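Just add 126 to the spot in the sequence shown (first one is 1) and you have my numbering.
This report refers to the structure that appears directly beneath it.
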Amino acid sequence: MALNCTAAAIPHPSVFGVEVLSVQANLVTNLTESIPPGFYSNHGRVSIKSLDFCNVTVTYTHPGRNDNINVQVWMPADGTWNERLQTQGGAGYQAGLHYAGLQAMKAAMGEGYATAGTDAGLGSEATPINWGLVSPGNVNLNLLENLGSTSLNETAVISKSVIQSFYGQSPKFSYFNGCSQGGRQGHLIAQRYPDAYDGIAASAPAINWNRFFVSGLYPLFLMDSLNYAPPSCEISAFTAAAISACDGNDGVLDGIISDPENCTFDPTSLVGTVIDNCTDFGTPLTISAKAAAIVGGAWGGAKRADGSQIWFGINKDATLVGSDSDGAVIPTTCSNGTCIRRKNALYESWVGSFLYKDMTGVFANVSQAEFDRIAQESFQQYASFLETADPDLSAFRDRGGKMIGYHGMIDAVIPTRGSQKYYDDVLAHDPNAADYYRMFLAPGIAHCFTGPGAFPDTTFDALVRWVEEGVAPTTLAATSVGTDPIIKRHLCAYPEKETYDGVGNVTRGEGFSCS
């Protein structure tokens with residue numbers, strides 16, 4: 127092999143404010159794997175066969191900050207490099223070198239890219255329980271800043287330096303790719319580090335972090351306040367009724383609410399309805415006013431004591447029930463005729479670690495005044511770290527950058543309306559923002575992936591065409607995954623909506639237009 131995959135061949139990258147501690151290089155041979163949709167954000171399935179690559183790990187610190195950050199750069203070593211970089215983003219509290227991120231890095235190489243990711247100094251921790259505090263009452267602000275911003279630009283600088291050393295040339299084009307935390311990271315890069323990448327694919331972004339992380343706890347607050355934990359059969363009845371009432375608003379009966387703004391279904395209309403066989407109990411159940419209030423809170427979003435809005439809720443066809451691990455919106459469990467409220471680990475870990483500043487702190491039975499204060503403190507204390515809602519993308523525009531992404535409309539983790547508001551704010555700041563930033567709504571798609579709708583696995587390819595050929599995407603081709611039949615759609619660029627003219631095969635996506 128002509129390329130030299132050794133640490134001696136990779137000089138320490140030079141990054142302002144950084145001390146490189148070590149560079150390691152390992153040759154990996156014969157990687158053969160199939161990466162399914164969902165692991166490689168903004169893409170479809172990728173198959174890899176007999177790929178050799180050089181794995182370079184750069185470990186560094188910020189002097190005086192007592193951190194230890196790892197950046198991995200993987201580079202095809204078998205002549206298949208396409209002269210491009212594609213950095214992968216994170217998920218949840220993880221910055222990038224998590225399981226899905228590593229799978230995405232493999233897939234990127236399968237498409238010819240050199241690829242990179244960072245752990246932001248957090249290791250592989252899925253929650254902040256082991257890093258969020260330096261001691262009780264004292265938040266680890268250095269690591270929080272690494273996650274929120276600084277590690278992102280450093281990864282771009284380091285990966286480009288390593289690529290230059292390994293291949294003897296810099297990448298012709300550099301891209302960032304992510305969803306959820308990765309979507310937030312992509313937006314942060316466009317806002318704060320506009321020169322880092324030529325193109326950014328940033329979907330279902332966890333922007334407005336400090337607001338939706340508290341608002342997501344509102345249904346739990348309501349369950350505590352009302353002293354009622356509804357069984358899953360009762361919760362799901364509201365979702366089914368909303369879909370039945372609003373599915374046809376777009377002209378197509380497909381089990382998907384494509385026009386949620388015009389879905390006026392009121393959960394209180396279901397109060398008193400009898401569920402013939404509640405699967406949680408095996409007996410009939412009469413839907414209660416308390417359940418309607420809890421579901422209404424999940425849909426309407428968190429409110430303060432004076433009735434003003436803290437943040438948005440989720441759309442009415444999003445799934446409200448689920449397991450502890452998938453962060454159910456209304457998490458309950460029932461046994462022997464009694465139901466209890468469970469936790470939402472994602473949101474509650476934010477309150478425990480960064481607001482209570484006590485790993486043993488529990489979000490339970492708080493008053494309305496306490497809830498309002500938690501929401502206020504979340505924004506006051508951490509907006510500069512993670513909020514990522516600056517609508518001024520002028521520096522990214524001026525350097526010629528392009529950014530696109532989609533947001534699933536049945537996302538139960540990050541409210542879709544938060545992304546809509548951000549795009550509205552960007553347009554208010556620059557009415558011509560569509561020249562460099564486009565966001566697409568995906569009906570029937572949950573958080574990043576899954577759901578009965580059509581998944582836009584063409585998102586990243588559309589970005590590349592925009593960056594390299596100047597062809598701006600007017601729609602995103604999308605195909606459902608795991609449905610029978612398979613459905614196809616062309617997703618509209620927000621604020622346009624998809625409508626059906628009544629003519630054509632809806633399964634094949636015929637008869638739809640954007641307006």
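Backbone N, C-alpha and C define an ideal beta-carbon position, used for all residues, glycine too.
Computed from a predicted structure; not experimentally measured.
Exercise. What residue range is occupied by the uninterrupted beta strand (DSSP E) comprising Ile466?
Worked result: Per DSSP, Ile466 belongs to the beta strand (DSSP E) from Thr464 to Arg467.
Exercise. Quick one: what does DSSP say Leu177 is sitting in, helix, strand or coil?
Worked result: Strand.
Exercise. Around the C-beta of Thr213, are 16 or more other C-beta atoms found within 10 angstroms, so that it is buried, or is it exposed?
Worked result: By the neighbour-count criterion, in which a residue is buried when 16 or more other Cβ atoms sit within 10 angstroms of its Cβ, Thr213 is buried.
For this session: Measure the CB-CB distance between Ile361 and Ile383 and report whether it falls below 8 Å.
Result: Not a contact, by the Cβ cut-off of 8 Å.
For this session: In the DSSP assignment, find the unbroken alpha helix (DSSP H) run with Trp335 in it and report its ends.
Result: Counting along the chain, the alpha helix (DSSP H) containing Trp335 begins and ends at Trp335 to Ser341.
For this session: Please look up how many angstroms separate the CB atoms of Tyr532 and Ser306, rounded, as I've assumed it's under 8 Å.
Result: A Cβ-Cβ separation of about 12 Å leaves Tyr532 out of contact with Ser306 under the 8 Å criterion.
For this session: Count the other C-beta atoms from every protein chain shown that fall within 10 angstroms of the C-beta of Ala284, then say buried if there are 16 or more, exposed otherwise.
Result: First, the amino acid is wrong: residue 284 is Ile here, not Ala. Buried, since its Cβ has 16 or more Cβ neighbours within 10 Å.
For this session: Answer yes or no: do Ala515 and Asn334 have a C-beta to C-beta separation smaller than 8 Å?
Result: Against a cut-off of 8 Å, the Cβ pair of Asn334 and Ala515 comes out as a contact.
For this session: Could you tell me whether the Cβ atoms of Ala559 and Leu553 are closer together than 8 Å?
Result: In this structure, Leu553 lies closer than 8 Å to Ala559 by Cβ.
Exercise. What residues are listed by DSSP as bridge partners for Ala242?
Worked result: Per DSSP, the beta-bridge partners of Ala242 are Val199 and Thr213.
Exercise. Rounded to a whole number of angstroms, what is the C-alpha to C-alpha distance between Ser351 and Arg591?
Worked result: Straight across, the Cα-Cα distance linking Ser351 with Arg591 is about 52 Å.
Exercise. At what residues does the alpha helix (DSSP H) containing Asn268 begin and finish?
Worked result: Looking at the DSSP string, the run of the alpha helix (DSSP H) that includes Asn268 is Leu267 to Glu271.
Problem set entry | Assumed close pair Ile536, Ala490 - CB separation to whole angstroms, cut-off 8 Å | Contact doesn't hold; Cβ gap of about 28 Å is too wide.
For this session: Tell me whether Ala418 is buried or exposed, calling it buried when 16 or more other Cβ atoms sit within 10 Å of its Cβ.
Result: Buried, because 16 or more other Cβ atoms sit within 10 Å of the Cβ of Ala418.
Problem set entry | Entirely enclosed beta strand (DSSP E) segments - the segment 572-627, minimum 3 residues | Counting whole runs of 3 or more residues, the segment 572-627 contains the beta strand (DSSP E) stretches 601-605, 614-618 and 624-626.
For this session: List the residues that DSSP assigns as beta-bridge partners of Ala417.
Result: In the DSSP assignment, Ala417 forms no beta bridge with any residue.
Problem set entry | Selected residue, minimal CA-CA separation from Ser275, among Ile466, His313 and Ala327 | Looking at Ile466, His313 and Ala327, the one whose alpha-carbon comes closest to that of Ser275 is His313.
Exercise. Looking at the unbroken beta strand (DSSP E) that takes in Leu411, where does it start and where does it end?
Worked result: DSSP places Leu411 inside the beta strand (DSSP E), whose first and last residues are Thr409 to Thr412.
Problem set entry | Spatial distance of Ala619 from Tyr219 (CA atoms) | Taking the Cα positions, Ala619 is about 29 Å away from Tyr219.
Exercise. Cβ of Tyr301 within 8 Å of Cβ of Gln229?
Worked result: The answer is no: Cβ separation not under 8 Å.
For this session: For the beta strand (DSSP E) containing Thr158, list its first residue and its last residue.
Result: It spans Glu145 to Ile161 - the beta strand (DSSP E) in which Thr158 sits, taken as one unbroken run.
Problem set entry | Proximity to Ala444 [Cα-Cα], best of Thr459, Ala431, Trp437 and Gly426 | Shortest Cα-Cα distance from Ala444 to any of Thr459, Ala431, Trp437 and Gly426 involves Gly426.
For this session: Pick out whichever of Thr464, Ile456 and Pro202 has its Cα sitting closest to the Cα of Val539.
Result: For Val539, the nearest C-alpha among the options comes from Ile456.
Problem set entry | Distance, Gly308 Cα to Asn272 Cα | One C-alpha to the other measures close to 14 Å.
For this session: Report the residue from Ala234, Ala428, Ala252 and Ser606 whose alpha carbon sits nearest the alpha carbon of Arg210.
Result: Of Ala234, Ala428, Ala252 and Ser606, the residue nearest in Cα terms is Ala234.
For this session: Please name the residue, chosen from Gly263, Asn268 and Gly628, that lies closest to Leu248 on a Cα-to-Cα basis.
Result: Answer by Cα proximity: Asn268.
Exercise. Leu129 and Phe292 look like a contact to me (Cβ under 8 Å); what is the Cβ gap, rounded to whole Å?
Worked result: Taking a contact as a CB-CB distance under 8 Å, the pair Leu129 and Phe292 counts as one, their CB atoms being some 6 Å apart.
For this session: Please classify Val400: is it buried, with 16 or more other beta-carbons within 10 angstroms of its beta-carbon, or exposed?
Result: With fewer than 16 other Cβ atoms within 10 Å, it is exposed.
For this session: Give the straight-line distance between the Cα atoms of Pro386 and Glu622, rounded to the nearest whole angstrom.
Result: Here the alpha carbons of Glu622 and Pro386 stand approximately 13 Å from one another.
Problem set entry | Three-state class that DSSP yields for Pro372 in the structure shown | Reading the sequence as shown, one finds Cys at residue 372 and not Pro. DSSP places Cys372 in helix when its eight states are reduced to three.
Exercise. Mind checking whether Ile331 and Phe522 have CB atoms under 8 Å apart?
Worked result: One point to set straight first is that residue 331 is Pro, not Ile, in the sequence displayed. Contact flag unset, no.
For this session: Find the nearest neighbour of Asp484 within the set Ala501, Asn266 and Ser148, judged by alpha-carbon distance.
Result: Nearest in C-alpha terms to Asp484, of all of Ala501, Asn266 and Ser148, is Asn266.
For this session: Measuring alpha carbon to alpha carbon, tell me which of Ser504, Ala371, Gln317 and Val146 ends up nearest Thr390.
Result: Cα-wise, what sits closest to Thr390 is Ala371.
Problem set entry | Cut-off 6 Å between Cβ atoms - residues of its own chain near Val597, not counting five sequence neighbours on either side | If you ignore the 5 residues before and after Val597, its C-beta comes within less than 6 Å of the C-beta of Arg591, all in its own chain and listed in chain order.
For this session: Have a look at the DSSP bridge pairing and note the partners of His124.
Result: Absent from the model: residue 124. The displayed extent of the chain is 127 to 641, so no value can be given.
Exercise. Along the chain, where does the beta strand (DSSP E) that runs through Thr542 open and close?
Worked result: For Thr542, there is no enclosing beta strand (DSSP E); the enclosing alpha helix (DSSP H) covers residues Thr542 to His555.
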